[in-house]
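Engineer:
There are 2 protein chains.
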Amino acid sequence: MPTPSRTSLVAIVAAGRRLIESEGLTGLAMRRVADEVEVQPPSLYKHVTGRSELIKLIVEDVVGDLRSSLNAAVTGSDPRADLVALAEAFRRFAHENPGAYALIFTPLPEKSRPDPTLLTKAGDQVLRTAEALAGAEHALEAARTITAWAHGFVAMELAGAFRMGGNIDEAFTFGAERLGEALDSR
Amino acid sequence: MPTPSRTSLVAIVAAGRRLIESEGLTGLAMRRVADEVEVQPPSLYKHVTGRSELIKLIVEDVVGDLRSSLNAAVTGSDPRADLVALAEAFRRFAHENPGAYALIFTPLPEKSRPDPTLLTKAGDQVLRTAEALAGAEHALEAARTITAWAHGFVAMELAGAFRMGGNIDEAFTFGAERLGEALDSR
DNA sequence: ACCTGAACACCGTTCAAGT
DNA sequence: ACCTGAACACCGTTCAAGT
Chain S
9 MPTPSRTSLV AIVAAGRRLI ESEGLTGLAM RRVADEVEVQ PPSLYKHVTG
59 RSELIKLIVE DVVGDLRSSL NAAVTGSDPR ADLVALAEAF RRFAHENPGA
109 YALIFTPLPE KSRPDPTLLT KAGDQVLRTA EALAGAEHAL EAARTITAWA
159 HGFVAMELAG AFRMGGNIDE AFTFGAERLG EALDSR
Chain Z
9 MPTPSRTSLV AIVAAGRRLI ESEGLTGLAM RRVADEVEVQ PPSLYKHVTG
59 RSELIKLIVE DVVGDLRSSL NAAVTGSDPR ADLVALAEAF RRFAHENPGA
109 YALIFTPLPE KSRPDPTLLT KAGDQVLRTA EALAGAEHAL EAARTITAWA
159 HGFVAMELAG AFRMGGNIDE AFTFGAERLG EALDSR
């Protein structure tokens, strides 16, 4: 007689994401995930091919949430204002999900990398704002400049790399505004 | 009778850095480092307090090399040209040391983080160029904008996050030039 | 069809014993 | 003073056996 599942993929991914958030990638041990969903470790392999794939699923979950946050941030009125709103939403998301966020742009083994189309979708709002600002011919380059700066900023922040004093919030606003000016070709 | 050391801290750090470069942080196993320097694993602990500290020493080694590369890149003639030269040197370094580079701005446990003063020294050249460009009152913010963008760009590149086509080299040059314009307050 | 216990091949690290 | 072998407490993963 078939036994009903005692856990589920969503429960496993959620548990894994919690573990990563609280203790980083090292804390993501299959045995601990199993504990969290109240199952023996080998049972996890009925839902997931292995730890690498679980990491991938967690990253994809995070990327989906990031996309929602970015989409919710823009108003569509003024591209310069939208750029600032996107940057702030991006940073807020990273601050609220530092452990999971760190995985998005970290060099992971092929098996743990998120589906590229998900990353593309998450970046779509930035691309549209970049196009409104910089024009169609420079849209992609402008979007990459914005994303690179925003990611680099929060990555350094989360890694504790800003150690020379000064106001971090102001530095972020400074960057967002200067980038808005620099990319505006209207 | 005292036994002469069969290995050394520099040999251990070099071996560790090689392992990280070829197989990432996961490849940095104490047993494999021990193999590389031809010693039994427990002997490593006479030179290093543990794996965490070894990671820290490796990161500090890399940061020192990055600093040298950046210092060698500037000519001091024109700040805009220096900014481009710094950005290119930064990116070249990351491409040549992708495994080790990834560690610099990754969120590491406290015990593995590099000495903050080393990071400061590595960033000093960028700070000076930023000051020449943006003026003393905005030097730190400008330096952070430049560094964030450059790091974000190569981090995304190394993570394989640029998947929408387009020319990556041109996107980098585009960003460097626009940033130069945006930060120039002379 | 899903879960389990036992097992395998790995880890980092400790420590008493050797030279 | 440094190195070693043996051991401990962990990993991820596999697999035959249970229900």
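First to last, the sequence lines map onto chains S and Z.
Residue 140 in this note's numbering sits at position 132 of the first sequence, and the numbers go up by one each step.
Residue 180 in this note's numbering sits at position 172 of the second sequence, and the numbers go up by one each step.
For each residue, glycine too, the CB sits at the ideal point set by N, CA and C.
If you reduce the DSSP assignment to three classes, tell me which class S/M9 lands in.
Structural biologist: Note that S/M9 has pLDDT 42, beneath the 50 cutoff, so the model's placement of it is unreliable and the number below is only indicative. S/M9 falls in the coil class under three-state DSSP.
Engineer: Between the Cα of Z/R152 and the Cα atoms of Z/P12, Z/L52 and Z/A130, which residue gives the shortest distance?
Structural biologist: Minimum Cα distance to Z/R152 is reached at Z/A130.
Engineer: Can you tell which of Z/P124, Z/D69, Z/E118 and Z/A150 has the C-alpha that lies nearest to the C-alpha of Z/A22?
Structural biologist: The option with the nearest alpha carbon to Z/A22 is Z/D69.
Engineer: Are the C-beta of Z/R99 and some C-beta of chain S separated by less than 8 angstroms?
Structural biologist: No, because no Cβ of chain S sits closer than 8 angstroms to the Cβ of Z/R99.
Engineer: Could you confirm whether any beta carbon from chain S is found closer than 8 angstroms to the beta carbon of Z/T83?
Structural biologist: Output row for Z/T83: interface = no.
Engineer: Per DSSP, what kind of secondary structure is Z/E46 in: helix, strand or coil?
Structural biologist: It is coil, neither helix nor strand.
Engineer: If you run the structure through DSSP and keep just helix, strand and coil, what is S/P122?
Structural biologist: Correct three-state label for S/P122: coil.
Engineer: Could you give the distance in angstroms between the alpha-carbon of Z/E61 and the alpha-carbon of S/I176?
Structural biologist: So the alpha carbons of these two residues sit roughly 29 angstroms apart.
Engineer: Listing by chain order, which chain Z residues have their CB less than 7 angstroms from the CB of S/M172?
Structural biologist: Per Cβ cutoff of 7 angstroms: T128 and L148.
Engineer: DSSP three-state label for S/P117, please.
Structural biologist: If DSSP states are grouped into helix, strand and coil, S/P117 belongs with coil.
Engineer: Near Z/Q48, what residues of its chain come up, given a Cβ to Cβ distance below 7 angstroms and the 5 sequence neighbours on each side ignored?
Structural biologist: Cβ neighbours of Z/Q48 beyond the five flanking positions: A42.
Engineer: Is there at least one Cβ from chain Z nearer than 8 angstroms to S/A158's Cβ?
Structural biologist: S/A158 counts as touching chain Z.
Engineer: Step through the CB atoms of chain S and report whether any lies within less than 8 angstroms of the CB of Z/G168.
Structural biologist: So yes, Z/G168 belongs to the interface.
Engineer: Hey, is the segment 70-80 of chain Z in contact with the segment 120-140 of chain Z, meaning 3+ C-beta pairs nearer than 8 angstroms?
Structural biologist: Touching, per the Cβ criterion.
Engineer: List the residues of chain S that Z/P124 touches, going by C-beta distances under 7 angstroms, in chain order.
Structural biologist: By Cβ distance, chain S contributes R171.
Engineer: Looking only at C-alpha atoms, which of S/P106, S/P115, S/E44 and S/L94 sits nearest to Z/E31?
Structural biologist: Nearest option by C-alpha distance: S/P115.
Engineer: With a Cβ-Cβ cutoff of 8 angstroms, do Z/A95 and Z/A184 count as a contact?
Structural biologist: For Z/A95 and Z/A184, yes; Cβs fall inside 8 angstroms.
Engineer: For Z/D192, report the span of its alpha helix (DSSP H) as first-last.
Structural biologist: Neither: Z/D192 is in no alpha helix (DSSP H) and is coded neither H nor E.
Engineer: Could you tell me which uninterrupted alpha helix (DSSP H) segments, each at least 4 residues in length, are contained entirely in the segment 52-129 of chain Z, listed from first to last along the chain?
Structural biologist: Counting whole runs of 4 or more residues, the segment 52-129 of chain Z contains the alpha helix (DSSP H) stretches 59-81, 87-104 and 106-112.
Engineer: Can you say whether Z/A144 is buried or exposed, counting buried as having 16 or more other CB atoms within 10 angstroms of its CB?
Structural biologist: Classification for Z/A144: exposed.
Engineer: CB Z/A142 to CB S/W157, shorter than 8 angstroms?
Structural biologist: No, Cβ-Cβ distance for Z/A142 and S/W157 is not below 8 angstroms.
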